[in-house]
Structure formats: C-alpha cells, structure tokens
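Residue numbers (the numbering used here), protein chains in the order written: chain A, 709 to 1000; chain H, 111 to 434; chain V, 222 to 565.
For glycine and all other residues, C-beta sits at the position ideal for the given N, C-alpha and C.
Remember, it's a predicted structure, so these values are computed and weren't measured experimentally.
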C-alpha cells in the first residue's frame, strides 16, 4: 500500500549475482576471522598456549611483554598470554551456554505469554517485567549469592538473568507473527492450532531468536567477566579474564599489562561478536532484506 | 494547431536515470505545452514515476543525465539544491499516490498548509490562515475551519488527497506532477479527485503531468499521452491518436488489457518486462512483441513522427520498425 | 431467494452453497468523544440485513467501496467470525458449525487473499506451500505429492522450478499464482477471492483474469470474487452484488445490473468507472457517512441525487426487481433512466 509496487520480475538471479557476503562486508569478515581465532584458540588451548596457565614462576614475576612472555607475566609469574588463551575457553563456554539457557527459557516464557493471552499472559508479563527491572549483572549477582561460586554456577546465574530480555523479544515476535495473514490462512484450512504454532509460528520466531543469541553472547561474556572482576564469579586460579583484570588492578600504575592484556582480549572479542551478530542479522533477516 | 505551436513549459532532453548498474530511464525526450495535461502511462518499472521524481529532483541515490528545462528557470537538473528549494511548491509541485504517507502525522493538516503558505509566499499568520480556509473550500472540503485542526489520520483517504491537492496548489505552481494520485482510492472518490485536480489546474492555467496506469482514465483526463516501456518512450501524442490510431504494438497491448464494463473477451499478453540486466539490445519490447521482425532484436527503433511533416514534439510519434 | 432463482429452478432443489439471511454484524467500538477511561461503547453496524444466496457453480462479484462491509461479509462467509444476527448457512448448515465439524468445509471452500504475499509463510518454499494443503487434507499419497505440486504450478502458469523458490523471490503476479495454486490444491468447489487482481499491472491482471476464468469453467468452481473494479466484475462474474454501508443494495445478473442499474448508487459506481474519452461524470455529492451515524431512512439518501421525501423516513429492504434482480430502493431507476414513482 505504501509506495509503488516495484516488482522485480525475476528475483532469483539477483541473489545469485550478489557478491559473496565476505567481499561485501569486509568488517564482518575481519570480525568473523577474529571470533573464529578466539574459538580455535580456546579449542586448542593446550597446543597454542606456550606455558601452563597456572604454572607459577617466582623468577619471572611481573615481567613486561618480552619474547619469552609475549604479553608479560602477572604477580605470580604466570604467563599472561597462556592465561588469556585459556581464558577464552571460559569466556566462550560461559557465554554460549548461559545464552542458550537464557534463550531456551525465554522461548518457553515468551511463547506462552505471546500465545496464551488473558490472565496467564498478564502474570507472565509481570514476571518478565520484574526480571527486566533489574540489570542482568545485579540479577546474576543475586543468583550467584544463592548458588555459590564456580564456572557451572556462573553459567546458570548468567543464563537465568538473561531469560527476561529473551522472553520480551520472543513475545514481541510471537505477537507479530500470530496476526500475520499466513497464520489466518492456515487456520482457515482448519489446521489444528498446535500444528499452526509448530509449523508456522515457531520457525518465524526461532530465526530472529537465533540472531539474538549471536548478539547476546557478548553480553553474557561481559556479565560473567564482571562477576569474576567483582570476585564472586569463578574462583582463582582459574584463568578468567575478569579475574585477571581484578588481580592486575593493584599493580596498574607500574605493571599496566597485567590488566590491559586480558581487558584488550575481552574488548576485542566483544566487538568482533557484535559485528558478526549484526552482520548475520542484516544479511539473513528477511524484514531487513526486503527493505534493502 | 500545427502552425501555432504553444511554447513548451517543460522540455526533457535525453533524460537518463541510472540506479546502480540498471538504466531505469533511457534517453527520454518529451515536451509539455503550457496549460496542457499529459499522461505518462506504462506498467510498473516503465519509469513513469521516475520521470516525475527526477523532474522534482527527489530521486535518491540515482545518477541522472540529460536535461529537464523548465521555462524561465533553465535546466532543473543543473540547479543547486538551494535553487531547487525555491522552485518546489512555487513553480513545480507534486501529489503523491499515498497522501497518508506524504502528510506529516505529527502536525495538523492546517499547520502543514499554513507553513507552506507562510514560507513560500511570506504571508502573515492570519493571512495564511484565511488563505488556507479558501484553499480548503476550493478543493471541496466541508467545514474547512474545523478540518484545519485535524490530524491526517483523522481524515479519509479521499480527504487526505484533497489536502494534498490544496498544499500542492497553495502557491499557484505552473506545473503539477501527480503520481498515481488516485490509485489508492475508491472509484467514486477517484472521479472526484481527478476532476478536482483538472478544474484547479485549469483555473490557474497550470500544466499537469499525470502518472497513471489506467489508459481509460488517461483518455478522460489528459490531452496527450506518453506510453513508456522499460524506461523508454515508445509512443507519444494526442490522446485520440494514441488510443485510436496507435502505431506501436505495445500501445495496442496495453489498450487491449483495459477491462471496460461488458468486456467479455480478453487476450492476455505473454511474458513480462525483461529485467534490466537482460534487456534486449534492440527494441526492448521485441521479446514480447507479436509483430517483431528479425531486425527488431538487434536495432533500436528511433522515435519518429507518425505523419510526415508533423515534426512538432507535441505531435504523434512512435518508435517501431513494424508499426501497425 | 434472489440471486440464483433461475439456476435453482432448473436444477434439483439442493441447498445453495451459501445463503445469508438478514445477516448482521455489530462491533462494539468506543463511543466517539467518550470521556477518558470510560468504557462506553456503541455498536458499529458493519453488516446490516444482508441477504445473499450463492448457488452451486455461480460466479458472484461482490462490489463495494472501502467501508461497505465487504471484508466483514467475507469473514462471515469463511466462518472466521460468527454474525451477531441473522443466519449464515453453508449448504443448509450454519457456517460456523460446518467449519467446526471436521475439515470438509475447509477443504471445499478455498480462499485467495488480497495480500497474497502476506498469506504465504515466508520461510516455506513455493513447493512446500502448495504441498501443505495436499498433505493436510490427504489429497494424494506422499509419493505423488511432488508430481501434483508440479501439475498445480503448471495449471496456474508457473514454471516447475518455481517450487524451489521462496515467496520473497517472486513478483506480485507470480505470488498471486502461487496463492491460487495453493487454493486449488485442496480440490475445492468454492473459490473465494478477495481483490485477487488489484494492484497489478494491466497485462498481469489480464493474465490472471484469463487464468481464473479458465479455472472456473474447467473445474466448475463456484466463485465469490470481491473487487472494486466493475470491469473485472463484468468480465469474470455472471452475477453481481453491490454493497453500500453494510447492506447489499442491488444484485442480479452482472450485464443487466451494469447496463441498467436500478439503484442510484449502482448507477453512480457505474458512471465513475473510467471509460475511454467519456467526460468524467459529476461525482456523488458528500462523503460516505460513518457507519456509527447512519442517515435516517435509506442509508444512501444523504448522497442520492434522486432522493425523495419518504427516502429519509423509510429504510428500503432488498426486494425483487424484475427477473433475478433485487434492489434496495424505494424509487429504483427504470431502464430509461427515469425514476419510477413507486415500484412496490
């Protein structure tokens, strides 16, 4: 209804003739390479890391970056590069698993809220609102206080704290999809409602959710690092970036690399992940694509 | 008529528009006489709206070549944006298909009209308001005082389009471009709006270009018709010549697709407009043309006068190697 | 009782496909100008005393402008909404009941939406979209599904490789063809199409219209075609029903109604349709009244050029007017265009 119906008569060749996504989006490609680098580093940490991340060396305490220790050493003489590489393991594991917990919980609550209507929807939405009222970091702190410390606990705490935002977006998508004409058309064919949800609503909700997942991994990593930084996440001597930044804090005036290196590693991963997430969204979201 | 050629108010010379690699308008030449109403007809993608937006210099992200000379203002395409701003509204104005989207939803229609009047004509607040009431009355809006304080969403589609007409004509432009002004409206409203645009432009001696897809409506509303196909003019001339003595097979095809009441037989044309990257080298219509000759595929036909000696740019012209 | 009298007389006295008897649809809407937070509502009469009968094999054009109640009527016909008054029957049974009872109704009555693109799941290929009704209604065994999809696509003039494409890669004309193929997949006897050819280029429109006419003739479909274009109505449909403000004001054979409209509104619609080189006619005065505030008496009286005193007092019902025709007017136009003083 908006403007002229400019129809591409045959649209199939348009997609074929488009150059590869890697050429069209150089930043996306760079970010993807960086993110993959982290993933590979994390996977093959024992082979890539030059030292044992928890091996202490009294003779090499607080050494600035040198050929022997590319990123320097910390106050216990542990090699920072090795710790950063192993740290990527924890960061990615916590990021991915907590987001999966958040997305799964969000999908269930969001679907239920979006499809039920009535008092159930009202109750679920107030629940989500109350979760959303607190920033995810504070929520995660609260969950940690209940659950205790440790990598698994951090995953659960961060995951739970992300259910709220995920539920919101899922519900918004469900509300949007369920009033679409194709859902009415399916109902008109007297396809049972549960089947309509499964076949038509869910696929149209899952995809934007998957995109959300890629974007929110960085948020989860940030929250988990913040927990460690506050000293309530994973326990030392686990090579966690947040923990490393916290440990280096006292020496920042004369051994800045101790905090800066893990901080830089964290920042680079977060930036790379958000660029990758945005790129995926812009490339594959049909809503954005149609406008382009 | 042939001796006394009225001076053209708008002359397009080799107007070409590229969007990326696609040439969406290809060397369009056309003239518009003073006080004339002209219809641009064709299917979507033919470039009819592109001509109107190119003349208004409202094409975003497209490369425009050629000339569009407005009498007294020179080549519109060569003007600075600043100069263009002073022309839009005062000499040229445009009515869009979707009036609801063209009006700003955050302001009352009165405020939008009064802003135009004050900025372009330098009227005082009270003068502008009085003029706005006059304009609303002239476009047939009942209770003009009350409607001035209405927001666009409170008005029906027909009313919104009347407001658009009032805004477009507020500063007595010499040239009005109406881009499918009625295709979103019901037929009875369509008749009202087209009559309104015609009576208002005629009363002001303004010229008017209608972008239309309905040939029957074009014949009712316009003196001259330009038929476009895939970004090129294929036939142009007085409405009767185009519809009753057309020479180009595409014009014939367009006409045969018009459903009048009582039409029982309809032969649907084959195929669709080829995409820009697969446009034939010769006549662009050759791939769908029932009268195509071997020559048509390789050699583009020039636009030639339909009658010897009738060289005036306003006379009947067509571009075909094997005319009807 | 009106529409298909001629047909039903000749064939066996089977129940018509659709029969609407004094159907009303009233929606509660906020009272205009009600105080903030107030829950005061008024009834919006979207349908008001609709009488319609559609016989097996008939082709009916439902014509009216926006706000005439076409879409509301459509939802009642499809059983998506229950009317708030009157009876809406499908082969003698209330439509809502027919709908609730098994898949028979859904299989027999297929729908083509105006927004064909929106009615197709963007994440399914054309092949999957057409196969969905085949599988749902168990039309063909699983092994023959692909062949039937290809056959259906061919029938609507799409190339076989279209099956692997997604709706976003198809043009407006192709999308409508997919929607038609999907509608035909369940082997319906009734096809309901809502503005199925509007907003398309004339040549694409012509292609679709010839396709629809061919389908209707070959498959003996009962066609209910909602349109605002009288040219389309007269090409495709043998009967026509013209709606104004929630009521059918005139119905009958398309040719007869359009050549000699009896209702002044039908005449105005007829005159407003573009015709080559005819001067644009004087439009109807005024605007379409709000359905919340219908004029007293005849609902068209506020805009009717031929309204008389009693038109503002009495509300005319749809009543017989010559062979197979019916009109809701106290002073219908006669063939010569003059006004009969009193017809009934």
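Check your understanding: How far does the alpha helix (DSSP H) with residue 736(A) in it reach, from first residue to last?
Key -> The residue given as residue 736(A) occupies position 28 in the first chain. Residue 736(A) -> alpha helix (DSSP H) spans 734–751.
Point to revise | Start-to-end residues for the beta strand (DSSP E) that takes in residue 303(H) | key: Residue mapping note: residue 303(H) aligns to position 193 of the second chain, counting from 1. From DSSP, residue 303(H) is part of no beta strand (DSSP E) but of the alpha helix (DSSP H) over 297–314.
Point to revise | Per-residue burial, residue 354(H) [other beta carbons within 10 Å of its own, 16 or more giving buried] | key: As a position in the second chain, residue 354(H) is number 244, starting the count at 1. Exposed.
Check your understanding: Enumerated in chain order, which unbroken segments of the beta strand (DSSP E) with a length of 3 residues or greater are wholly contained in the stretch 931–984 of chain A?
Key -> none
Check your understanding: Which word fits residue 721(A), buried or exposed, when buried means at least 16 other C-beta atoms lie within 10 angstroms of its C-beta?
Key -> Here residue 721(A) refers to the residue found at position 13 of the first chain. Caution is warranted here: a pLDDT of 40 is assigned to residue 721(A), below 50, making its placement in the model unreliable, and the coordinate value is therefore given only provisionally. Classification of residue 721(A): exposed, given that the 10 Å Cβ count is below 16.
Check your understanding: By how many angstroms is the C-alpha of residue 303(V) removed from the C-alpha of residue 280(V)?
Key -> Locating residue 280(V) in the third chain gives position 59, counting from the first residue. Locating residue 303(V) in the third chain gives position 82, counting from the first residue. The alpha-carbon atoms of residue 280(V) and residue 303(V) are separated by roughly 24 Å.
Check your understanding: Could you give the distance in angstroms between the alpha-carbon of residue 776(A) and the alpha-carbon of residue 960(A)?
Key -> The count along the first chain starts at 1 and reaches residue 776(A) at position 68. The count along the first chain starts at 1 and reaches residue 960(A) at position 252. Distance between the alpha carbons of residue 776(A) and residue 960(A) is about 21 Å.
Point to revise | Cross-chain neighbours of residue 377(V) in chain H, by beta carbon under 7 Å | key: Residue 377(V) sits at position 156 when you count from the first residue of the third chain. In chain order: nothing, as chain H lies at least about 13 Å away.
**Study point:** Distance, residue 508(V) Cα to residue 355(V) Cα
**Key:** Here residue 355(V) is taken as the residue at index 134 of the third chain, counted from 1. Here residue 508(V) is taken as the residue at index 287 of the third chain, counted from 1. Distance between the alpha carbons of residue 355(V) and residue 508(V): 46 Å.
Exercise for review: Apply the 10 Å Cβ neighbour rule to residue 480(V) and answer buried if 16 or more other Cβ atoms are within range, or exposed otherwise.
Suggested key: Mapped onto the third chain, residue 480(V) falls at position 259. So residue 480(V) ends up on the exposed side.
Exercise for review: Taking C-beta pairs closer than 7 Å, name the residues in chain V that residue 324(H) reaches, listed in chain order.
Suggested key: One-based indexing of the second chain puts residue 324(H) at position 214. By Cβ distance, chain V contributes 495.
Review point. Just reading off the beta strand (DSSP E) that residue 332(V) is part of, what are its end residues?
Key: Taking the first residue of the third chain as position 1, residue 332(V) is located at position 111. Looking at the DSSP string, the run of the beta strand (DSSP E) that includes residue 332(V) is 330–333.
Check your understanding: Which word fits residue 512(V), buried or exposed, when buried means at least 16 other C-beta atoms lie within 10 angstroms of its C-beta?
Key -> Position 291 of the third chain, counting from 1, holds the residue named residue 512(V). By the neighbour-count rule (16 or more Cβ atoms within 10 Å), residue 512(V) is buried.
Exercise for review: For residue 322(V), count neighbouring C-beta atoms within 10 Å of its own C-beta (all shown protein chains included) and say buried if the count is 16 or more, exposed if not.
Suggested key: In the third chain, counting from the first residue as 1, residue 322(V) sits at position 101. Classification for residue 322(V): exposed.
**Study point:** Exposed unless 16 or more other CB atoms sit within 10 angstroms - verdict on residue 309(H)
**Key:** Taking the first residue of the second chain as position 1, residue 309(H) is located at position 199. Classification of residue 309(H): exposed, given that the 10 Å Cβ count is below 16.
Practice item. Verify whether the separation of the beta carbon atoms of residue 270(V) and residue 286(V) is less than 8 Å. Key: By 1-based counting over the third chain, the position of residue 270(V) is 49. By 1-based counting over the third chain, the position of residue 286(V) is 65. No, Cβ-Cβ distance for residue 270(V) and residue 286(V) is not below 8 Å.
Check your understanding: Mapping DSSP to helix, strand and coil, what is residue 230(H)?
Key -> As a position in the second chain, residue 230(H) is number 120, starting the count at 1. Helix at residue 230(H).
Practice item. Kindly say whether residue 370(H), judged by its beta-carbon, lies nearer than 8 Å to any beta-carbon of chain V. Key: Reading the second chain from its first residue, position 260 is the one you call residue 370(H). Chain V contact via Cβ: present.
Check your understanding: Curious, which full-length beta strand (DSSP E) runs of at least 3 residues does the stretch 332–374 of chain H contain?
Key -> 334–339, 342–348
Check your understanding: chain V beta carbons: is any one of them nearer than 8 Å to that of residue 434(H)?
Key -> In the second chain, residue 434(H) corresponds to position 324, counting from 1. No, because no Cβ of chain V sits closer than 8 Å to the Cβ of residue 434(H).
Practice item. Would you list, in sequence order, the uninterrupted alpha helix (DSSP H) runs of no fewer than 4 residues that lie entirely inside the stretch 186–231 of chain H? Key: 191–197, 209–212, 219–231
Check your understanding: Excluding five sequence neighbours on each side, which residues of the same chain lie with their C-beta closer than 6 Å to the C-beta of residue 313(V)?
Key -> As a working note, residue 313(V) is residue 92 in the third chain. For residue 313(V), where only same-chain residues beyond five positions count, the Cβ hits under 6 Å are 236.
Exercise for review: Flag residue 111(H) as yes if its beta-carbon sits less than 8 Å from any beta-carbon of chain V, otherwise no.
Suggested key: Counting from one through the second chain, the residue named residue 111(H) turns up at place 1. At residue 111(H), the pLDDT of 42 sits below 50, so the modelled position is not reliable and the matter cannot be decided from this model.
Point to revise | Amino acids of chain V, ordered along the chain, whose beta-carbon sits closer than 9 Å to that of residue 911(A) | key: Residue numbering aside, residue 911(A) sits at position 203 when the first chain is read from its first letter. The answer, in chain order, is 342, 344, 345.
Review point. Quick one: does residue 898(A) have its CB under 8 Å from some CB of chain V?
Key: Position 190 of the first chain, counted from the start, is the residue given in the question as residue 898(A). Chain V, which has a Cβ nearer than 8 Å to the Cβ of residue 898(A), makes this yes.
Exercise for review: From the DSSP output, read off the bridge partner residues of residue 421(H).
Suggested key: As a working mapping, residue 421(H) is identified with position 311 in the second chain. Per DSSP, none; premise fails for residue 421(H).
**Study point:** Rounded separation between residue 404(V) and residue 239(V) - CA only
**Key:** Residue 404(V) sits at position 183 when you count from the first residue of the third chain. Residue 239(V) sits at position 18 when you count from the first residue of the third chain. Their Cα atoms are separated by approximately 18 Å.
Practice item. Ignoring anything shorter than 4 residues or poking outside the stretch 272–303 of chain V, list the alpha helix (DSSP H) runs there in chain order. Key: 291–298
Exercise for review: Please name the residue, chosen from 468(V), 490(V), 416(V), that lies closest to residue 267(V) on a Cα-to-Cα basis.
Suggested key: The residue you call residue 267(V) lines up with position 46 of the third chain. Of 468(V), 490(V), 416(V), the residue nearest in Cα terms is 468(V).
Check your understanding: Does the beta carbon of residue 321(H) sit closer than 8 Å to a beta carbon anywhere in chain V?
Key -> As a first step, residue 321(H) must be located in the second chain, where it is residue number 211. Chain V contact via Cβ: absent.
Point to revise | Interfacial residues, the stretch 114–147 of chain H to chain V, with Cβ spacing under 7 Å | key: none
Exercise for review: Could you list which residues in chain H have their beta carbon closer than 9 Å to that of residue 459(V), in chain order?
Suggested key: By 1-based counting over the third chain, the position of residue 459(V) is 238. Result: empty, since nearest Cβ-Cβ is about 11 Å, beyond 9 Å.
Check your understanding: Going by other Cβ atoms of all chains shown within 10 Å of its Cβ, with 16 needed for buried, is residue 252(H) buried or exposed?
Key -> Here the question's residue 252(H) lines up with position 142 in the second chain. Counting Cβ neighbours within 10 Å, residue 252(H) comes out exposed, since fewer than 16 surround it.
Exercise for review: Could you have a look at residue 559(V) and say whether DSSP puts it in helix, strand or coil?
Suggested key: The residue given as residue 559(V) occupies position 338 in the third chain. Only weak support is given to the placement of residue 559(V): the predicted model assigns it a pLDDT of 46, under 50, and the value that follows is read from those uncertain coordinates. Three-state DSSP puts residue 559(V) in coil, outside helix and strand.
**Study point:** Whole-angstrom distance between residue 207(H) and residue 290(H), CA atom to CA atom
**Key:** As a first step, residue 290(H) must be located in the second chain, where it is residue number 180. As a first step, residue 207(H) must be located in the second chain, where it is residue number 97. If you take the alpha carbons of residue 290(H) and residue 207(H), they lie about 5 Å apart.
Check your understanding: Going along the chain, which residues of its own chain have a beta-carbon closer than 6 Å to the beta-carbon of residue 389(H), five neighbours each way excluded?
Key -> Indexing the second chain from 1 puts residue 389(H) at position 279. Excluding positions up to five away in sequence, the list is empty.
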